[in-house]
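The structure appears right after this line, and notes come after that.
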Amino acid sequence: MIEEIFSIDLRVSEKLAVKRHRHTGDKSSSRRISIVSGIHGDELEGQMVSFLLNEFLTEHKDKIKGIIDVYPSVNSVGIDSIVRNVPPTDVDLNRVFPGSPEGSLPERIAYALVEAVKGSDIAIDIHSSNIFLMEIPQIRISEENADSLLPIAEKLNVDFIWIHGAVTVLKSTFAHTMNQLGTKTLVVEMGVGMRITQEYCYQLFDGIINLLVQEGFLDLDLKFSVRKPIVSTNGTVHFINAEAPGIFIPTIKHGNWVKKGQQIGKVVSPLHGRVVHNVLSPANGFLFTLREYPVVYPGSLLARIYEEKNG
Ligand SMILES: [Zn+2]
1 MIEEIFSIDL
11 RVSEKLAVKR
21 HRHTGDKSSS
31 RRISIVSGIH
41 GDELEGQMVS
51 FLLNEFLTEH
61 KDKIKGIIDV
71 YPSVNSVGID
81 SIVRNVPPTD
91 VDLNRVFPGS
101 PEGSLPERIA
111 YALVEAVKGS
121 DIAIDIHSSN
131 IFLMEIPQIR
141 ISEENADSLL
151 PIAEKLNVDF
161 IWIHGAVTVL
171 KSTFAHTMNQ
181 LGTKTLVVEM
191 GVGMRITQEY
201 CYQLFDGIIN
211 LLVQEGFLDL
221 DLKFSVRKPI
231 VSTNGTVHFI
241 NAEAPGIFIP
251 TIKHGNWVKK
261 GQQIGKVVSP
271 LHGRVVHNVL
281 SPANGFLFTL
291 REYPVVYPGS
301 LLARIYEEKN
311 G
C-alpha cells in the first residue's frame with residue numbers, strides 16, 4: 001500500500017509529498033522495519049535499492065511477517081531536481097532532526113519522518129556519499145550504539161563497518177534521533193552522488209533481504225552467503241588530502257588493500273604537464289573511499305584508508 005506521510009503545497013503549483021510503500025504481512029508479528037532513502041536529493045543509489053525491494057516484496061507478499069516500510073525519497077523535491085538540500089530552502093535535511101511540526105519546511109519533513117518511523121524495531125538509512133567521493137558499501141555507526149547495531153550491520157552484506165567515536169556523531173541526523181528513540185538505525189554509505197552504481201545496489205539489496213530473513217520479516221528459505229565486513233574496531237582511519245590544486249587521477253581501484261608507500265593516484269597540472277602531488281598510501285590498509293570528482297584544491301579529500309591495528 002502506498003501511503004503519504006507528509007505533503008505540502010509549494011509556491012509554484014508544485015506539491016511536495018513524502019510517501020512510503022508499506023508491505024504488511026502476517027499479523028502474528030507486530031515487528032516493523034523501515035528502509036529510508038533520499039534524505040539527500042543528489043544521492044540516487046537508494047532509488048534503485050528501493051525499486052528492487054518493492055518489486056521483490058510485492059512478489060513475495062505472502063512471505064512477509066510484520067511490517068516492512070520503504071521510503072524511497074524523503075527529500076522528494078530534491079530528488080526530482082537532483083539537489084542535495086531541500087528546495088527551495090537549501091537546508092540539509094540531515095541536520096535538522098528531530099524536526100518540528102511548526103518549523104521550517106525541512107524541520108516539518110524531518111518531524112513527519114520521525115513520527116512515521118518511530119516505533120520501528122530497525123531502520124536503515126541509505127546514503128550515497130556526494131558527487132566528490134566514491135564509497136565502497138559501508139555502514140557507519142556510532143560507538144555508543146555499536147553493541148546493539150553491529151550484529152545487524154554484519155548481516156547487510158557490506159564490505160566495511162566504520163564505528164565512529166562519540167565526538168564525531170552528529171546529533172541532528174535522522175539516525176541519531178531514531179537511535180535515541182529506541183529504533184536500531186544504521187546508516188549505509190555507498191557509491192557516489194548523482195549516479196547509480198548497480199553492483200553496489202544489488203549487493204545491498206541481497207544484504208537487506210538477508211537481514212529480513214534473519215530477523216524474521218521474511219519467511220523464505222534463502223541461504224545467502226553474505227560478505228564478512230571489515231570492522232573498524234581497533235584500527236585507524238587515515239584521511240589523505242590534496243597538497244596542491246590540480247586534477248586528480250587515481251591509479252588504483254578502490255575497495256582494495258594497499259601497501260604503505262603504494263601510489264593511489266596523482267594530482268597533475270594540465271597546463272604545466274607536471275605531477276604536483278604524488279599521492280602515496282600512508283599505511284598498509286583498506287582503501288574504502290576514493291575521490292571521484294577530478295578537480296581538487298589543497299585540502300580536498302582524496303582517499304580514506306583503514307589500517308588494522310596489526311596491519
Ligand atoms: Zn547523504
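Heads up: the sequence shown begins at 1 in the working numbering, then just goes up one per residue. Where a beta carbon is used, it is the ideal one built from N, C-alpha and C, also for glycine. Note that this is a predicted model, so its numbers are computed, not measured.
### Task
Starting from MET48, follow the alpha helix (DSSP H) in both directions and report where the run begins and ends.
As a first step, residue 48 must be located in the sequence shown, where it is residue number 48. It spans 45-59 - the alpha helix (DSSP H) in which MET48 sits, taken as one unbroken run.
### Message
Quick check on GLY193: buried or exposed, where buried means 16 or more other Cβ atoms within 10 Å of its Cβ?
### Response
If you number the sequence shown from 1, residue 193 lands on position 193. Buried, since its Cβ has 16 or more Cβ neighbours within 10 Å.
### Query
Just reading off the beta strand (DSSP E) that GLN203 is part of, what are its end residues?
Residue numbering aside, residue 203 sits at position 203 when the sequence shown is read from its first letter. Premise fails: GLN203 lies in the alpha helix (DSSP H), 198-214, not in any beta strand (DSSP E).
### Message
At a threshold of 7 Å, does GLU43 count as lining ligand 1 (C-beta to nearest heavy atom)?
### Response
Sequence index remark: in the sequence shown, residue 43 carries index 43 (1-based). GLU43: yes, Cβ under 7 Å from ligand 1.
### Message
Given a cut-off of 8 Å on the beta-carbon distance, is the pair ILE126 and GLU45 in contact?
### Response
As a position in the sequence shown, residue 126 is number 126, starting the count at 1. As a position in the sequence shown, residue 45 is number 45, starting the count at 1. Yes.
### Task
List the residues that DSSP assigns as beta-bridge partners of ASN278.
The residue given as residue 278 occupies position 278 in the sequence shown. Partner(s): LYS266.
### Query
Near MET1, which residues of its chain fall below 6 Å by C-beta distance, leaving aside the five closest residues on each side in sequence?
The residue you call residue 1 lines up with position 1 of the sequence shown. Only ARG22 meet the Cβ criterion.
### Message
Looking at ligand 1, does it come within less than 7 Å of ILE163, judged from the CB to the closest heavy atom?
### Response
Residue numbering aside, residue 163 sits at position 163 when the sequence shown is read from its first letter. Incorrect: ILE163 has no Cβ contact closer than 7 Å to ligand 1.
### Task
Please report how far the alpha carbon of THR89 lies from the alpha carbon of TYR71, in whole angstroms.
Taking the first residue of the sequence shown as position 1, residue 89 is located at position 89. Taking the first residue of the sequence shown as position 1, residue 71 is located at position 71. The alpha-carbon atoms of THR89 and TYR71 are separated by roughly 22 Å.
### Task
Keeping to the same chain, check which residues put their C-beta closer than 6 Å to that of ILE161; ignore five residues upstream and five downstream.
Residue numbering aside, residue 161 sits at position 161 when the sequence shown is read from its first letter. Result list for ILE161: ILE139, ALA153, PRO229 and VAL231, in chain order.
### Task
Note down the Cα distance separating ALA242 from THR177, rounded to an integer number of angstroms.
Locating residue 242 in the sequence shown gives position 242, counting from the first residue. Locating residue 177 in the sequence shown gives position 177, counting from the first residue. Distance between the alpha carbons of ALA242 and THR177 is about 34 Å.
#### Entry: DSSP three-state assignment for ALA303, whether helix, strand or coil
As a first step, residue 303 is located in the sequence shown; it is residue number 303 there, counting from the start. Strand.
#### Entry: Alpha-carbon to alpha-carbon, PRO250 and SER30
One-based indexing of the sequence shown puts residue 30 at position 30. One-based indexing of the sequence shown puts residue 250 at position 250. C-alpha separation (whole angstroms): 49 Å.
### Query
What whole-angstrom Cβ distance do TYR306 and VAL237 have, given they're in contact under 8 Å?
The residue given as residue 306 occupies position 306 in the sequence shown. The residue given as residue 237 occupies position 237 in the sequence shown. Correct: roughly 5 Å between the Cβ atoms.
#### Entry: Option in GLU115, GLU135 and LYS253 with minimal Cα separation from ILE264
Translated into the one-based positions of the sequence shown, residue 264 becomes position 264. Residue LYS253 is the option with its Cα nearest to ILE264.
### Buried or exposed by the 16-neighbour rule on C-beta atoms within 10 Å, applied to LYS65
If you number the sequence shown from 1, residue 65 lands on position 65. Flag for LYS65 reads buried.
#### Entry: Option in GLU308, ARG227 and VAL213 with minimal Cα separation from ASN234
Locating residue 234 in the sequence shown gives position 234, where the first residue counts as 1. Of the candidates GLU308, ARG227 and VAL213, the one whose C-alpha sits nearest the C-alpha of ASN234 is GLU308.
#### Entry: Alpha-carbon spacing of LEU220 relative to HIS60, whole angstroms
Here residue 220 refers to the residue found at position 220 of the sequence shown. Here residue 60 refers to the residue found at position 60 of the sequence shown. Their backbone Cα atoms lie some 9 Å apart in a straight line.
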